[in-house]
Each structure stands twice: as C-alpha cells, then as structure tokens.
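Under the numbering used here, the residues of the sequence shown are numbered 8 to 454, in order.
Glycine is no exception: its CB is placed at the ideal position from the N, C-alpha and C atoms.
For reference, the structure is listed below as structure tokens.
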Amino acid sequence: MHLVRPTALVAAGVLALAACGRSEPAPGIVHLDPRLADGRASADALAAQRREVRRYDAANGALDGWRIASGNVLGGPYPCAIEPVGNAPIALEHAVDPAASLATSRFNAVELRVLAASSGRATLRWRRRPTAGAAAPGTPTAPWPEGQSVQVSFAGSKDAQTIGFDLALHAQWSGELDALRIEPDQGSGQRIAVESVALVERGWGFAPERLEAERGAARASGDGGLIQLDLDARRAWPAAFDQELFARCTVPPRGKLCVDTATLPALRGSVERVQFEVELKTADGPWSRIALRKIFPKEKPGETLWRPWTVDLSPWSGAEVELKLRARDASPQASPAGGAAANPSNASADANASTDASAPAGATPTALGVARVLWGAPIVLGEPEDERLPNLVLVTLDTTRADHIGERTPTHMPVRIVACDGCVAFDGANACSNAMPRRASSVRYGV
Numbered sequence: 008m009h010l011v012r013p014t015a016l017v018a019a020g021v022l023a024l025a026a027c028g029r030s031e032p033a034p035g036i037v038h039l040d041p042r043l044a045d046g047r048a049s050a051d052a053l054a055a056q057r058r059e060v061r062r063y064d065a066a067n068g069a070l071d072g073w074r075i076a077s078g079n080v081l082g083g084p085y086p087c088a089i090e091p092v093g094n095a096p097i098a099l100e101h102a103v104d105p106a107a108s109l110a111t112s113r114f115n116a117v118e119l120r121v122l123a124a125s126s127g128r129a130t131l132r133w134r135r136r137p138t139a140g141a142a143a144p145g146t147p148t149a150p151w152p153e154g155q156s157v158q159v160s161f162a163g164s165k166d167a168q169t170i171g172f173d174l175a176l177h178a179q180w181s182g183e184l185d186a187l188r189i190e191p192d193q194g195s196g197q198r199i200a201v202e203s204v205a206l207v208e209r210g211w212g213f214a215p216e217r218l219e220a221e222r223g224a225a226r227a228s229g230d231g232g233l234i235q236l237d238l239d240a241r242r243a244w245p246a247a248f249d250q251e252l253f254a255r256c257t258v259p260p261r262g263k264l265c266v267d268t269a270t271l272p273a274l275r276g277s278v279e280r281v282q283f284e285v286e287l288k289t290a291d292g293p294w295s296r297i298a299l300r301k302i303f304p305k306e307k308p309g310e311t312l313w314r315p316w317t318v319d320l321s322p323w324s325g326a327e328v329e330l331k332l333r334a335r336d337a338s339p340q341a342s343p344a345g346g347a348a349a350n351p352s353n354a355s356a357d358a359n360a361s362t363d364a365s366a367p368a369g370a371t372p373t374a375l376g377v378a379r380v381l382w383g384a385p386i387v388l389g390e391p392e393d394e395r396l397p398n399l400v401l402v403t404l405d406t407t408r409a410d411h412i413g414e415r416t417p418t419h420m421p422v423r424i425v426a427c428d429g430c431v432a433f434d435g436a437n438a439c440s441n442a443m444p445r446r447a448s449s450v451r452y453g454v
C-alpha cells in the first residue's frame, strides 16, 4: 500500500501518524557478529566437537542392547541382516533399564550404520519415562507418541552408510527417556543390514546458511543459521555454557543492545536455572557486568524459547566498546565452572572432545563442549533525534472484509464502519504471493 486516505474516524480504531521529518534513514544501527576470543565462529568451533556416548554393535544376527520388534533375521555374511514382515517396516527397539537413567541432555543425535541397497526413509521415535499409573517402562504396550519422532531420507548404496538423526532442536527432545525405536523402511519388502547404532553428543550439528556469505561480503557471518523454536525464528549464535562471545562497536547516541536469548530444548527437563550475562569494556577500562537475566527451564519451559532482551548502552554513547556475551548453568547443584555437576555429560564431553581442526595456526586447541544456549539477532540501536522520526506509519489489517469484520461482537458496527469507509486504498499491495482477497472490491473500495 503506497497511499492511504482516511475518511472517517471512529472510537474502535486509532490511526496515529508520527511527526514529519527528513527523508534520510535514521543513523545508529550496528549489526553485531559475536565471535570467540580468537576470532572463530562459535558454530564452526562447536560443530567440530563429537563424542559417542554409547555404541551398540551388531553380531550373530542381533544388535547389542536392542530387540528386533518387527522383521525376520536372515543368515549370511552380514552381522545382522533383517527383512520386513508383510507391510510393516523393520523396527528396532531399545528399552532403558528402569534402574538406570538416560537423559536427553546426554546426547543430541542418533546414528544408524546400515547397508541399504535402495533409498528409503528412516524414523526415530522416543518415549519418555512414564508417570504414575502409566504402562511400565519398556513394555511393548506403551504407546509411541507421534510428536516424539523425527524422519530422514537416505539413498541406496552398495556400501555401508550412516543415517543421522539430529535431535538438538526438536521441541520434544527433553526429559528422561524410557525407550527408543528405529524404523528403517525401503519399501517393497527389501532387506537391510544393520551394523551399529550410536548415541552421539554433537557440539553443533547444523550446517548454517551464513548471512553475510549470501551478500558476497569478504568474511561470512559467524552465526549458526536461522534457528526456529516453536513458531519463532532468529538468526542465532550458539554457545556452550561459560563460552564467551565478543563483539566490538561504537555506541550510537542513546544506544541500546537488543538481543534475543534462548536455550536448546533438552535443558527444559534437566537444568533448573540458566543465567545470561552481558559485560562491557572500554579501551582503557576493565570488564564490568551491565546486564543479567535468569531463566528457569525446568520450572518454566516457555522461558527457553526466543525472548527479547534490551540492555541500555546510553552511558557509553559515542564510545568504542567491546561486549562480552556469556551464559552459564546457575542451578544450585551446578559447579561454579559452569554446570558440569548438573549435566555430567558436559564434563565428559569437554574431556573427550576432539581437537578442532578449524582453529587458526598458533591457536590453542580448546574443548568447547556442546551448544546449550542461543544468542539471537544481536544489534545495537541508537535513538534518532525528534526531527528524524519517520514520517510514514504502515498499518496492516488482516482479514478485514467489510461484510465480516467484527461480526457478532460488541464492536461489530464501529469496526464495520472502519472497514467500509475508514480507509480507502488507492494503490494496494498483497504481501503474500499465494493469497488473494475474497473480493476485488476489498482492494478497490476499502481495506
């Protein structure tokens, strides 16, 4: 919509037009690209970390720790060759010992090593520990919730291949596990040879689509890609607990840091408290903490989703500063070093993490652990002077047919007047390419 002429004003709608100003864009917008102290992107450094939590190997027609829930075992040269029975896909199930614990925070991927001649799809399902009165752990009668699954495609090959299930960002990947189920399906009754199943902890398992690389910049952005949590997505910079990310900028007039914070879903069932911190340092000053945020993943899972956070930087307007972003496990039982006690896999992952081959020459190899938190779309904004305020306000109304808006509600008549005669669009534009107004008159004669 390029030109809108108001023709009526009613109590049900308020249209505000900001003060007129200059046509130049407001200054003071600084997009941040937080990185590790040595300049590497945290996503790249974390992606080099991989640790097998547990591995199950096939031998003599069986897979250690797993039962063949559907399918017939075949003889031959392979350690565990299976063919489907009827139309049911092959299924492997692993039941967690009731006396043991298998938390989703301990691993974030499952890798199935198979020999499959034809392409197909593989599904991983999981079941959480049941509540009182539910089916006993690991029993075949317990249902497999549809929402607790992930499916991937694989290609046929004459050689063995690894089918990976990435779980770190799955909304339902949290809590204590009762059982796992894998269903490799090639269709047409074709057999498959299983070699092993591994529970894997990856530092960061997602290939990012770098923002700056798309723009042809000299150096790609260090973010980990566009990460969606629930229905909200942000370009995210992943970090492990106690991993520090740094960014430099000149603070614009009346500047403020705007950043979204989130955690990975697995923390919802295991970590009581997470603390986000922002520190600042000028050229000749020490580091000082300027902002602190605490969230409670176990008690309030909604706080682990993307949440906006604004930090006032106006005292440093015009100054060159360095910002430090850090998050830690602040649970009462967590160790001061960042939560190894609350999450035992953290300590072992750090101790056994592989050396990061992407580190620049001369850099000290560091075991960076596993991504636990996300910093989203960090930006420093300055407030424009009064005379530089925008002189255009775009008001978007959705589903505003004059014959249906506000129907059967107390505001039906006033809102109907707004819809019929409140605004007339001389040049209408549809923001959605696959949606059209119910009637052409909605665009020509009213909003």
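Cβ neighbours of K263 in the same chain (closer than 6 Å, five flanking residues each side left out)
Closer than 6 Å at Cβ, skipping near neighbours: T317, D319, L320, L388.
Just checking, does the region 65 to 81 make contact with the region 158 to 177 on the three C-beta pairs under 8 Å criterion?
Because the criterion of three Cβ pairs below 8 Å is not met, the region 65 to 81 and the region 158 to 177 do not touch.
In the region 178 to 218, which residue ranges form an unbroken alpha helix (DSSP H) of at least 4 residues, counting only runs that do not cross its ends?
List check, alpha helix (DSSP H) in window: nothing returned.
Is the Cβ-Cβ distance between A38 and I386 less than 7 Å?
With the sequence shown as reference, residue 38 is identified as His, and Ala is not the correct amino acid for it. In this structure, I386 lies closer than 7 Å to H38 by Cβ.
Per-residue DSSP class, three states only, for G309
Of the three classes helix, strand and coil, the one that applies to G309 here is helix, per DSSP.
Cβ-based burial, P367 [other Cβ within 10 Å; buried from 16]
Unreliable positioning characterises P367 in this predicted model, as indicated by a pLDDT of 33, which lies under 50. The coordinate reading is nonetheless provided below. So P367 counts as exposed.
Would you tell me roughly how many angstroms separate the C-alpha atoms of G292 and E329, rounded to the nearest one?
If you take the alpha carbons of G292 and E329, they lie about 10 Å apart.
Among A326, K165, A88, which has the Cα closest to the Cα of A290?
Looking only at A326, K165, A88, the smallest Cα-Cα distance to A290 is reached by A326.
State the Cα-Cα distance for the pair S49 and R135, rounded to the nearest angstrom.
Roughly 31 Å separates the two Cα atoms.
Please report the straight-line C-alpha distance between S108 and P137, rounded to a whole angstrom.
Per the coordinates, the alpha-carbon of S108 lies some 13 Å from the alpha-carbon of P137.
Where do the ends of the beta strand (DSSP E) carrying A240 lie?
Start and end: 239 to 246.
Pull up the distance between the alpha-carbon of F213 and that of P245, whole angstroms please.
Each residue's alpha carbon lies about 11 Å from the other.
Proximity below 7 Å, CB of S181 to CB of R275
For the 7 Å CB-CB criterion, S181 and R275 form a contact.
Run the CB neighbour count on P304, radius 10 Å, all protein chains shown included, and call it buried at 16 or more, exposed below.
Result: buried.
Residues near A162 by beta carbon distance below 8 Å, same chain, minus five either side:
Once the five neighbours on either side are set aside, the close Cβ partners of A162 are S126, Q168.
Beta-carbon contacts of G383 that lie in its chain and below 8 Å, excluding the five residues immediately before and after
For G383, where only same-chain residues beyond five positions count, the Cβ hits under 8 Å are I234, R241, R242, A243, W244, V266, D267, T268, A269, W313.
Can you tell me whether S295 is helix, strand or coil according to DSSP?
Taken through DSSP and simplified to helix, strand or coil, S295 comes out as strand.
DSSP three-state label for G35, please.
Coil.
Go to S49, then tell me how far its alpha helix (DSSP H) extends in each direction, as first and last residue.
Counting along the chain, the alpha helix (DSSP H) containing S49 begins and ends at 49 to 54.
My understanding is that P272 touches A178, with C-beta atoms under 8 Å, so please give their C-beta distance in whole angstroms.
Sure, about 6 Å apart at Cβ, within 8 Å.
What do you get for L238, buried or exposed, if any count of 16 or more other CB atoms within 10 angstroms of its CB means buried?
Result: exposed.
Would you report the Cα separation of G232 and A116, rounded to the nearest angstrom?
Straight-line Cα distance between these residues: approximately 19 Å.
Do A337 and R280 count as a contact pair if the criterion is CB distance below 7 Å?
Contact: yes.
So S277 packs on A110, CB below 8 Å; how close in whole Å?
The distance from the Cβ of S277 to that of A110 is about 6 Å, consistent with a contact at the 8 Å cut-off.
What span of residues does the beta strand (DSSP E) with D249 cover, start to end?
According to the DSSP assignment, D249 belongs to no beta strand (DSSP E), since it is labelled neither H nor E.
Note the first and the last residue of the continuous beta strand (DSSP E) segment covering R128.
Counting along the chain, the unbroken beta strand (DSSP E) around R128 starts and ends at 127 to 135.
Spatial distance of P152 from I36 (CA atoms):
Rounded to the nearest angstrom, the gap between the Cα atoms of P152 and I36 is 46 Å.
In the DSSP assignment, find the beta strand (DSSP E) that holds L99 and state where it starts and stops.
98 to 102 is the span of the beta strand (DSSP E), which, as asked, contains L99.
Locate the beta strand (DSSP E) running through S338, then write down its first and last residues.
Element bounds for S338: n/a, residue is neither H nor E.
Enumerate, from N- to C-terminal direction, the unbroken beta strand (DSSP E) stretches of 3 or more residues contained entirely within the region 56 to 115.
Counting whole runs of 3 or more residues, the region 56 to 115 contains the beta strand (DSSP E) stretches 57 to 66, 74 to 77, 79 to 81, 88 to 90, 98 to 102.
Where does N325 sit, in a helix, a strand or coil, going by DSSP?
One detail in the question is off: residue 325 reads as Gly in this sequence, not Asn. It is coil, neither helix nor strand.
One question on the structure: do V133 and L206 come within less than 7 Å of each other, judged by their Cβ atoms?
Checking the sequence shown, residue 133 turns out to be Trp, not Val. No, these two residues do not count as a Cβ contact at 7 Å.
What are the boundary residues of the beta strand (DSSP E) that D230 is part of?
No beta strand (DSSP E) contains D230, which DSSP labels as neither H nor E.
Report the three-state DSSP secondary structure of P315 (helix, strand or coil).
The DSSP-derived three-state label of P315 is strand.
With three or more beta-carbon pairs closer than 8 Å as the criterion, would you say the region 62 to 79 touches the region 96 to 103?
A contact between stretches requires three or more CB pairs, one per stretch, nearer than 8 Å, and the region 62 to 79 meets this requirement with the region 96 to 103.
Would you kindly work out how many angstroms separate the C-alpha atoms of A65 and D166, rounded to a whole number?
The straight-line gap separating the alpha-carbon atoms of A65 and D166 is approximately 17 Å.
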